[in-house]
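See structure below.
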Amino acid sequence: MLELGEVSLKEHSDILTLIKSLDPQYVFFVGKEFKRAAAEIGFDVVHAEFFDNSDALNQRLVDLNLSSKTFLIKGSRGTKLEKVLDTLKS
Numbered sequence: 003m004l005e006l007g008e009v010s011l012k013e014h015s016d017i018l019t020l021i022k023s024l025d026p027q028y029v030f031f032v033g034k035e036f037k038r039a040a041a042e043i044g045f046d047v048v049h050a051e052f053f054d055n056s057d058a059l060n061q062r063l064v065d066l067n068l069s070s071k072t073f074l075i076k077g078s079r080g081t082k083l084e085k086v087l088d089t090l091k092s
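Residue numbers (our numbering): 3 to 92.
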């Protein structure tokens, strides 16, 4: 979503609003745009964590027991989110 240009903040905010309505057990965001959008709309999901990059998220995922969990991954090439796939597969 880094490629969205001037509509980036709105689109990130829209995703945050949707996620809040779903009440997920965990939700992880990578990138400065999600942090900025969360601050802008007052995003207050209890189990939300924000990471500056995919390496930081990957380290957090190593600490969690994700076996038998269902999750959705959405990311842009700009955040290199594919780096976490090996961790999620194990």
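Glycine included, every Cβ here is placed at the ideal spot set by N, Cα and C.
On the DSSP bridge list, what partners appear for residue i?
{"i": "ALA50", "result": "VAL29"}
Could you give the first and the last residue of the continuous alpha helix (DSSP H) run that contains residue i?
{"i": "LEU87", "result": "87 to 91"}
{"i": "ARG62", "result": "56 to 65"}
{"i": "LEU11", "result": "10 to 24"}
{"i": "ILE43", "result": "34 to 43"}
By a C-beta neighbour count over all protein chains shown, 10 Å radius and 16 as the cutoff for buried, is residue i buried or exposed?
{"i": "HIS49", "result": "exposed"}
{"i": "LEU83", "result": "buried"}
{"i": "LEU18", "result": "buried"}
{"i": "VAL64", "result": "exposed"}
{"i": "ASN67", "result": "exposed"}
{"i": "GLU51", "result": "exposed"}
{"i": "LEU59", "result": "buried"}
{"i": "VAL32", "result": "buried"}
{"i": "PHE73", "result": "exposed"}
Just to check my reading of the structure: residue i and residue j have Cβ atoms closer than 8 Å, yes? What is that Cβ distance to the nearest angstrom?
{"i": "GLU42", "j": "LEU6", "result": "Not a contact, Cβ separation roughly 15 Å."}
Quick one: is residue i near chain C, going by C-beta distance under 8 Å?
{"i": "VAL48", "result": "Protein chains in the displayed structure number just one, and chain C is not present."}
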